[in-house]
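Start counting the sequence shown at 1; every next residue gets the next number (the UniProt record's numbering).
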Amino acid sequence: MYEFSIDIHMSWYVYPSDLNAFEVRNGFHSYEVNLEGTFISTWLGKDKFLAPYESNILPVNGSNMWESTPYTKPLPPIVRRMLGRPCMKIKRHVSEHQDRFSQVSSKGRIVQCQDCMQMGHN
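In structure tokens:
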């Protein structure tokens with residue numbers, strides 16, 4: 001019996017059955033592995049991959065040359081306004097840091113009164 005691990009949580013046990021046939025187990029899961037058999041489906045082979053490219057693909061006219069149909073054009077979906085007050089808070093990306101310098105502050109700023117034009121009070 002051979003043991004190998006794919007993941008921290010999964011230990012698979014290999015039991016040799018023949019020279020090229022094995023049984024692989026993990027708990028209640030068991031799979032047969034035959035090294036002489038085919039490893040992938042024929043649908044994933046080179047022949048099936050190249051089959052669509054064997055014939056020419058004809059070009060298609062632009063939408064301005066399409067025939068018009070008697071059907072009405074579909075309308076866009078109705079935009080519904082959600083209940084409640086809309087959220088006004090800026091949604092920041094997780095990479096943006098929320099520190100004490102991220103907000104604009106008036107600390108250290110000298111204000112000017114709009115009535116008497118004196119500095120220091122408003």
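We put the beta carbon where it would ideally sit given N, CA and C, even for glycine.
Closest by C-alpha distance to residue i, when choosing among the options
i: Val-33; options: Asn-20, Asn-26, Ser-41; result: Asn-20
i: Phe-28; options: Met-65, Lys-89, Tyr-13; result: Tyr-13
Residue i vs residue j beta-carbon contact at 8 Å
i: Ser-30; j: Glu-23; result: yes
| message | Which runs of the alpha helix (DSSP H) at least 4 residues long sit entirely within the region 23-51? Give them in chain order. | response | 46-50
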